[in-house]
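Beneath this line is the structure, given in structure tokens, with notes to follow.
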Amino acid sequence: MFKKFKFNRVNKILILNNNKQNIILLKKFLKKDYQIEIFNDKEQLFSEAGDLIIIDEYYYQKFKDKLRKLKERKNPIFLPVILLSNSVRNEFYFESSADIFDDIFVLPIKKQIMKYRIDNLLKIRHLSLKSEYRYYELAEKSPIGIFILNQGKIIYANPAFLKILKIKYEQLTGKNLISFIHKEDKTRIKKMFRENKNREIKNEEVRVMDNHNQIKWLSLNCSQVNFNNKFSVLITAQNITDKKQNQNKIKFLNYHDKLTGLYNRNYLEEEIKRLNTIRQLPISVIMGDVNGLKLVNDAFGHQKGNQLLKSIAGVFKSACRSEDIIARWGGDEFVILLPRTSIGDARKVSNRIRKLCAEADKNPIKLSIALGVAQIIDEDQSYEEVFKKAEDRMYRNKIAGSESTSNSIILSLENTLLEKSHETKDHAERMNKLVIRFAEELDLSTSQIDNLKLLSRLHDIGKVSIPEKILKKPDKLTEQEFKTIKNHPESGYRIVKSIPELASVAEGVLSHHERWDGKGYPQGLAGEAIPYTARIIAIIDSFDVMTNQRSYKSAVSQKGALFEIERCSGSQFDPYLAEKFIKMIQI
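Numbering of the sequence shown is given in the working numbering, commencing with residue 0 and proceeding in unit increments.
Printed below as a string of structure tokens:
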């Protein structure tokens, strides 16, 4: 009603009269100052919005019950009704129906008197409207959504509610509330209104779909009101979407691993208690331990290590059913619970996980995980005992495959180094040949030769952690870039140290850029404090780099390279080893 109402508009008077002469008189007296509506369809009187009604005795007798209901309704806005009579003796209508009529005009009547008395009644109505308008303004300016339902349809909504639904007033009014309720809440809300027809509803939480098809959470409070002469339901709707999202986030974080999105240990322990029923048995347990995580963290940084864990989590999701429970148990450990699954089927899942790991792209190394399987077959069986059994089998699997896993990781790292730097397979092969030849010249033992060969392969492995744009930069490196390059011995040391089978060459990897005069890096070792194998590799590597062309430099002759080694003997290189190497090449 207030949407279109203006206080300075012309007032509308509704006339219901059976006498044509009286109608002509009323028009003559009133049309200059008011908007006059004469009704031919008499029923229209009770649906038309007006500010004052003038009715004669004839129509009063015909419609007195409807008039009485109109005046008795629970509407705080005053609607004046005037009886128009042709005889003073008919004033008994006014006296007997004081609850209907607010005044009586007995014809003949002077225009000024009629207008004066009409204006007084309209002033009372105007004050009533202003009083109600304050409530309307409160609703319009409220930060909380307010809307009114009649027979399930929205007949009023304030701007705050329109904002929640991101919809225009004309798009909303007349629509059924249920059409905006989320499909999963429709049945509950229908039942709620059906069962609470005469009672207030407090803090009912419901999801609605806004005009952009986004979910909003509302807290509804409902009460019955009379609105525009209709018994309706007034509802306040507080937008609690942020609150619900925060609650869901907290709930998610309480039971999920933040990195992988899988369930966490807390959730898994709760689920074990819930699932441990006859109906869910047997429950198979798969425990997994990711291979090479520490190595990836050391070589490529924790961001790549995190990516490795997320990739493994993706493999688990692909290999398992929706009802299976996958959890990150610890740092690099995962557990899968498979309800109503035999141990044979659980082993099939394990094989599927291994197959998916083998088929996955290296990121940054080939995915690899050790797995162990066990089974809960009895309600009274201790799940700690079953988990311990799965863990033992997992570690046996890890130990049995450790050598092949390590070899796979090293090959993967070597291939990565070849891809992102100027190193080539030819360089590695030439280094290997020179190592064997020089080792024989130095009369080294078999184990020393094996370590030296391994060091020749791995001495620059730390470069996998250096950005490719620096490794392949054709121009001179900046001071900061060179500082980054100088970190590779330490990165390489951490990589090989993390693999037990390679630990014997870790010191050599760390020290292959040390100098005999103590001016090398990273530790500034001098003389025989530098590991023997590192001193040998330093000479062989320098010789091969000098005598073979790179994209950033031209090759020098063998003679020129030997001259440079001799020149740096006693400063960069071990003088004894430099002399032995020069003689070997010159033979």
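All residues carry an ideal CB built from backbone N, CA and C; glycine is no exception.
Chain-order list of residues whose beta-carbon lies under 6 Å from that of residue i (same chain, five-residue window excluded)
{"i": "A533", "result": "G507, S510 and H511"}
{"i": "E199", "result": "S222"}
{"i": "I147", "result": "I154, Y155, F226, S231 and L233"}
{"i": "N16", "result": "I22 and D55"}
{"i": "T235", "result": "I143, I145 and N220"}
{"i": "Q585", "result": "none"}
{"i": "L433", "result": "I539"}
{"i": "Y33", "result": "N10 and I12"}
{"i": "K129", "result": "none"}
{"i": "P107", "result": "none"}
{"i": "E480", "result": "I469"}
{"i": "S52", "result": "Looking at the sequence provided, one finds Ile at residue 52 rather than Ser. Excluding positions up to five away in sequence, the list reads L13 and V80."}
Distance CB(residue i)-CB(residue j) smaller than 7 Å
{"i": "F580", "j": "I538", "result": "yes"}
{"i": "A312", "j": "S464", "result": "no"}
{"i": "K293", "j": "S497", "result": "yes"}
{"i": "L370", "j": "I285", "result": "yes"}
{"i": "R351", "j": "A318", "result": "yes"}
{"i": "D425", "j": "W515", "result": "no"}
{"i": "V80", "j": "I99", "result": "yes"}
{"i": "D323", "j": "I342", "result": "no"}
{"i": "H211", "j": "K165", "result": "yes"}
{"i": "Y520", "j": "K485", "result": "yes"}
{"i": "P338", "j": "I409", "result": "no"}
{"i": "N450", "j": "V504", "result": "yes"}
Coarse secondary structure for residue i, derived from DSSP in three states
{"i": "N238", "result": "strand"}
{"i": "K11", "result": "strand"}
{"i": "K73", "result": "Reliability of the predicted coordinates at K73 is poor, the pLDDT of 49 falling under 50, and the value obtained from them is presented with this limitation in mind. In the structure shown, K73 sits in coil (DSSP, three-state: anything other than H, G, I, E or B)."}
{"i": "A502", "result": "helix"}
{"i": "F38", "result": "coil"}
{"i": "R327", "result": "strand"}
{"i": "E270", "result": "helix"}
{"i": "S367", "result": "coil"}
{"i": "P574", "result": "helix"}
{"i": "I145", "result": "strand"}
{"i": "G287", "result": "strand"}
{"i": "S218", "result": "strand"}
{"i": "E378", "result": "coil"}
{"i": "A373", "result": "strand"}
{"i": "L230", "result": "Looking at the sequence itself, residue 230 is Phe, so the reference to Leu does not match. Correct three-state label for F230: strand."}
{"i": "S84", "result": "strand"}
{"i": "K314", "result": "It should be noted that the sequence gives Val, not Lys, for residue 314. V314 falls in the helix class under three-state DSSP."}
{"i": "S568", "result": "strand"}
{"i": "V590", "result": "In the structure as shown, the chain begins at 0 and stops at 586. Residue 590 is therefore absent and cannot be evaluated."}
{"i": "E204", "result": "strand"}
{"i": "H255", "result": "strand"}
{"i": "Y520", "result": "coil"}
{"i": "I398", "result": "helix"}
{"i": "Y262", "result": "strand"}
Start and end residues, beta strand (DSSP E) containing residue i
{"i": "D55", "result": "L51 to D55"}
{"i": "E332", "result": "E332 to L337"}
{"i": "F28", "result": "Counting along the chain, F28 falls outside any beta strand (DSSP E), though it belongs to the alpha helix (DSSP H) covering K19 to L29."}
{"i": "F104", "result": "D102 to V105"}
Boundaries (first-last residue) of the alpha helix (DSSP H) holding residue i
{"i": "F299", "result": "L292 to F299"}
{"i": "N195", "result": "Looking at the DSSP string, N195 is not in any alpha helix (DSSP H), and its letter there is neither H nor E."}
{"i": "S349", "result": "I342 to E358"}
{"i": "D540", "result": "Y531 to T546"}
{"i": "I469", "result": "E467 to L470"}
{"i": "P488", "result": "H487 to K496"}
{"i": "E478", "result": "E478 to I484"}
Own chain, CB closer than 8 Å to residue i, minus 5 neighbours either side, in chain order
{"i": "L308", "result": "L258, T259, V289, L292, R327 and D331"}
{"i": "H255", "result": "L261, Y262, N263 and Y266"}
{"i": "A554", "result": "M545, T546, N547 and Q548"}
{"i": "V295", "result": "K303, G304, L307, P363 and I364"}
{"i": "L24", "result": "L106"}
{"i": "F396", "result": "The residue asked about is misnamed: residue 396 is Asn in this sequence, not Phe. So the qualifying residues of the chain are A369, L370 and G371."}
7 Å CB neighbourhood of residue i in its chain, flanking five on each side removed
{"i": "I37", "result": "I14 and I22"}
{"i": "K189", "result": "I177"}
{"i": "M191", "result": "I200 and E203"}
{"i": "K462", "result": "L416, S420, L470 and H487"}
{"i": "K582", "result": "none"}
{"i": "F315", "result": "I325, F333, I335 and I352"}
{"i": "S141", "result": "N157 and A159"}
Continuous beta strand (DSSP E) assignments of at least 3 residues falling wholly in the segment 147–202: Here the runs fully enclosed are 152–156.
Whole runs of the alpha helix (DSSP H) within the segment 415–463, excluding any shorter than 4 residues: 424–440 and 445–457
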